[in-house]
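Each residue of the sequence shown is one higher than the last, beginning at 73 in this note's numbering. Every residue, glycine too, gets a C-beta built ideally from N, C-alpha and C.
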Amino acid sequence: MEKNFAPCTFSPLPPPTEAPGVLWGSYLPPDHAYLQSLGFARHPFPVAPDESHFFMSGHIRRVVAELVHAISARKGFMTLTGDVGLGKTTISRHILTILAQKQIDTALLFHTSLKHAALLQEINRDFGLTVDAAGTAEAGLGDALHRLYDFLLARYRRGGNCAIIIDDAQNLDRESLELVRMISNLETDGRKLVQILLVGQPELRDRLNAPDLRQLKSRIFIDAAVHPLARDEVQTYIGFKLGLTGNSGSIRLTRDAHDRIYTHSRGNPRRINMLMDRCLYAVCRDASDVIDSTTVRLAQADMQSPVKRRFRRIPVAVAVLLLPLCLGVGGWMLHLNAGHGARAQVMPQESRPSIDPAVMTGGLVDAAASDNSLPPVSGQNPDIAVRDFLKAHQLAEQADEFIKARQKGSLTQWAAQVHRETGQQLVRLPVLPAWVRERFGTLYLMSEGGRTPVWLLFWRPALTVDHFYYGYAAEEIMHLQTLLAVAGTYRSARDGVVGPRLMKAVVDFQTRNGLPVTGQPDAATLFLLHQLDKENSDGRAS
73 MEKNFAPCTF SPLPPPTEAP GVLWGSYLPP DHAYLQSLGF ARHPFPVAPD
123 ESHFFMSGHI RRVVAELVHA ISARKGFMTL TGDVGLGKTT ISRHILTILA
173 QKQIDTALLF HTSLKHAALL QEINRDFGLT VDAAGTAEAG LGDALHRLYD
223 FLLARYRRGG NCAIIIDDAQ NLDRESLELV RMISNLETDG RKLVQILLVG
273 QPELRDRLNA PDLRQLKSRI FIDAAVHPLA RDEVQTYIGF KLGLTGNSGS
323 IRLTRDAHDR IYTHSRGNPR RINMLMDRCL YAVCRDASDV IDSTTVRLAQ
373 ADMQSPVKRR FRRIPVAVAV LLLPLCLGVG GWMLHLNAGH GARAQVMPQE
423 SRPSIDPAVM TGGLVDAAAS DNSLPPVSGQ NPDIAVRDFL KAHQLAEQAD
473 EFIKARQKGS LTQWAAQVHR ETGQQLVRLP VLPAWVRERF GTLYLMSEGG
523 RTPVWLLFWR PALTVDHFYY GYAAEEIMHL QTLLAVAGTY RSARDGVVGP
573 RLMKAVVDFQ TRNGLPVTGQ PDAATLFLLH QLDKENSDGR AS
């Protein structure tokens, strides 16, 4: 069955700047050595909260903005609830980071097993106040409350603001929740001295609906909820995580794999992380670069069965031995294997002038109108087709290396070397627009299994984008924004910074033109963008 690929292909990132001189592998524990073989600087899908690689969906962005605004505006009391694994703790830490930037003093509590007086002492301790053992008695409780009030009032008079965030708040008992209500009453001149955010599972809402806590519930200014990721957001989430943690290979997920991940996880990030961790282990183990629906199905079975594990963790020593095998997997998985019906042909050039990889006169066409069904020449020797193709681009001496690279699955590395040495970049197109067939010398290949057609061509790019991740800023990013604006998929400010709108514009362009939706400005994407820009420029000149 033909594989229908969706994201992801990602460029490597530079080593993390916070630890110069440290090898990427040092960021991974020994039992995750297989991730190093796939080019990751860090685990892309950790189960523990990871604010440094926080994925902000549109929904989460709105929730964070509302809560931060409410705290800054002294609105008093707020709640944030959601099921296990939706990222509530990570959101809390992200809010803390924003509040620190706004110079708002915060106290963060995780130990919700603490009760009443002990809870208040912990709040004071996190604000940096002196805490003594007397706080365990009722008289001490009153003293601790006065001490907190004096601190909050002093901060208010200096123009400051304070916030208390309590995680796992569903574990607070009735007395502790009543204490929270008392603290929320601390105010002066009609303004709240401290803002309180309770974060917890849906049971927290049930607790607050109890009749004896109606006074506390009536004070809630914002009752926010964290929702699972939508189907399209799951695809973006996986691409974001892979791209941000240094994948130096070409990990691809089929559309069926994305669908199965969403179906099993229901958009729960923790479940997605657990599934993807097992899937990445599998592609390394199997010397592959593709995660398909079968991979996900086996990973899912592994998660559900505590006895029979299909993806058993291998010993560290064995994992290290696997590294060279996995490192050799990169590339496009195109093999000249007669047993699999691999075929190749150079598309006819009689009607074309001499090949200029940077010249075209036709316009871009809709992917549906592209001619991607031309049959290969029956019985043609694929080696001869390859040699003719390379000769047309003055690369005849590279023919043996090209064939050898395809057989080893290292065509990506070969193409990168040719690009460095000659300035010619190899472009891979899954569909062949008519104007490409008419104006460029192309090589037709069949992928692994002889099912998926691929067309190759060379050009000399005026722009390459080596790094593309959220927040990355560079001159080439501004150039990319300009090209996408000409193509009609980018309509925001051209500021040279990678953001969600630019990422979406890349995806929209790839979808519109029948390219693999990698979410990255890869060679094929930049090739089509430049040709469209050139056509528009020629049209204006005429």
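| query | Does DSSP classify leucine 395 as helix, strand or coil? | reply | With a pLDDT of only 46 at leucine 395, under 50, the local geometry of the prediction cannot be trusted, and the value read off the model is given with reservation. Note: leucine 395 maps to helix in three-state DSSP.
| message | Could you check whether leucine 186 and threonine 178 sit closer than 7 Å to each other, using their CB atoms as the reference points? | response | Not closer than 7 Å, so no.
| Just curious, the beta strand (DSSP E) that leucine 152 is in, first and last residue? | DSSP places leucine 152 in the uninterrupted beta strand (DSSP E) bounded by 149 to 153.
| Neighbourhood of leucine 556 by C-beta, 8 Å cutoff - its chain only, sequence neighbours within 5 removed | So the qualifying residues of the chain are Tyr562, Leu574, Ala577, Val578, Phe581, Leu601.
| message | Taking only three categories from DSSP, how would you classify arginine 566? | response | In the structure shown, the three-state DSSP call for arginine 566 is coil.
| task | Mind the definition here: the stretch 458 to 467 touches the stretch 488 to 499 only if three or more C-beta pairs lie below 8 Å; say whether that holds. | result | Verdict: yes, contact present.
| said: As an exercise, report each continuous alpha helix (DSSP H) stretch of at least 4 residues that is fully enclosed by the stretch 158 to 194, in chain order. | reply: The stretch 158 to 194 contains these whole alpha helix (DSSP H) runs: 160 to 173.
| message | Tell me the DSSP secondary structure of glutamine 267 in three-state form. | response | Assignment of glutamine 267 by DSSP, reduced to helix, strand and coil, places it in the strand class.
| message | Quick check: what's the CA-CA separation for leucine 397 versus leucine 483? | response | Because leucine 397 carries a pLDDT of 45, less than 50, the predicted location of this residue cannot be relied on, and no value is offered for it.
| query | Could you check where the beta strand (DSSP E) with threonine 366 kicks off and where it finishes? | reply | Careful: threonine 366 lies outside any beta strand (DSSP E), inside the alpha helix (DSSP H) at 365 to 376.
| Taking just the CA atoms, how far does aspartate 361 sit from isoleucine 323? | The alpha-carbon atoms of isoleucine 323 and aspartate 361 are separated by roughly 5 Å.
| said: Given this structure, state the Cα-to-Cα distance separating leucine 393 from arginine 114, to the nearest angstrom. | reply: Confidence at leucine 393 is low in this model, with a pLDDT of 46, below 50, so the placement of that residue should be treated as unreliable; the coordinate-derived value is given next. It is roughly 20 Å from the alpha-carbon of leucine 393 to the alpha-carbon of arginine 114.
| Measuring CA to CA, which of Leu225, Gly231, Gly339 is closest to histidine 131? | Looking only at Leu225, Gly231, Gly339, the smallest Cα-Cα distance to histidine 131 is reached by Gly339.
| message | Can you check which of these residues, Ile333, Ala235, Gln242, is closest to histidine 141 by C-alpha distance? | response | Of the listed residues, the one whose Cα sits closest to histidine 141 is Ala235.
| Can you find at least 3 beta carbon pairs, one from the stretch 497 to 514 and one from the stretch 540 to 554, that sit closer than 8 Å? | Because the criterion of three Cβ pairs below 8 Å is not met, the stretch 497 to 514 and the stretch 540 to 554 do not touch.
| field | Alpha-carbon to alpha-carbon, alanine 373 and phenylalanine 199 | value | Those two C-alpha atoms are separated by around 46 Å.
| task | Could you check what DSSP says for phenylalanine 581 in three-state terms: helix, strand or coil? | result | Of the three classes helix, strand and coil, the one that applies to phenylalanine 581 here is helix, per DSSP.
| message | I'd like the span of the beta strand (DSSP E) that includes threonine 326, first residue to last. | response | Secondary structure note for threonine 326: its beta strand (DSSP E) is the uninterrupted segment 324 to 326.
| query | Between alanine 389 and the rest of its own chain, which residues show a CB-CB distance below 8 Å, the 5 nearest in sequence each way excluded? | reply | Because the pLDDT of alanine 389 is 44, which lies under 50, any placement of that residue in the model is unreliable, and the question is left without a value.
| Range covered by the alpha helix (DSSP H) that runs through leucine 314 | Here the alpha helix (DSSP H) through leucine 314 covers 303 to 316.
| task | Pick helix, strand or coil for leucine 201, following the three-state DSSP scheme. | result | In this structure, leucine 201 counts as coil in the three-state DSSP scheme.
| query | Under 7 Å between the Cβ atoms of phenylalanine 149 and phenylalanine 293? | reply | Yes; because the gap between Cβ atoms is below 7 Å, this pair is in contact.
| query | Grouping DSSP H, G and I as helix and E and B as strand, with all else coil, what is valine 252? | reply | Helix.
| query | For asparagine 196, which residues from the same chain have a beta carbon less than 7 Å from its beta carbon, with the 5 sequence-adjacent residues on both sides left out? | reply | Cβ within range, chain order: Val203, Ala216, Arg219, Leu220.
| What does DSSP give as the partner residues of glutamate 259 in its beta bridges? | Paired residue(s): Lys264.
| field | Three or more C-beta pairs below 8 Å linking the stretch 151 to 167 and the stretch 237 to 244 | value | The stretch 151 to 167 is in contact with the stretch 237 to 244.
| Quick one: what's alanine 296 bridged to in DSSP? | According to DSSP, which records beta bridges pairwise, alanine 296 is partnered with Leu152.
| field | Residue environment, lysine 264, which counts as buried when at least 16 other CB atoms sit within 10 Å | value | When all chains shown are included, lysine 264 counts as buried.
| Which whole-angstrom value is the C-beta distance of arginine 253 and leucine 288, which I expect to be below 8 Å? | Confirmed, Cβ separation roughly 4 Å.
| field | DSSP three-state assignment for valine 135, whether helix, strand or coil | value | In this structure, DSSP gives valine 135 a helical state, which the three-state scheme calls helix.
| In DSSP terms, what arginine 500 is bridged to | Answer is Leu528.
| said: In whole angstroms, give me the CA-to-CA distance for glycine 571 and arginine 511. | reply: Rounded to whole angstroms, the separation of the alpha carbons of arginine 511 and glycine 571 is 35 Å.
| query | When we look at the beta-carbon of alanine 226 and count the other beta-carbons within 10 Å, is it buried (16 or more) or exposed? | reply | When all chains shown are included, alanine 226 counts as exposed.
| message | Taking its Cβ as the centre, do 16 or more other Cβ atoms sit within 10 Å of glutamine 173, making it buried, or is it exposed? | response | Glutamine 173 counts as exposed, since fewer than 16 other beta carbons sit within 10 angstroms of its beta carbon.
| query | Roughly how many whole angstroms lie between the Cα atoms of aspartate 122 and serine 129? | reply | Distance from the CA of aspartate 122 to the CA of serine 129, rounded to the nearest whole angstrom, comes to 15 Å.
| Should serine 290 go down as buried or exposed, given a rule of 16 or more other Cβ atoms within 10 Å for buried? | That one is exposed.
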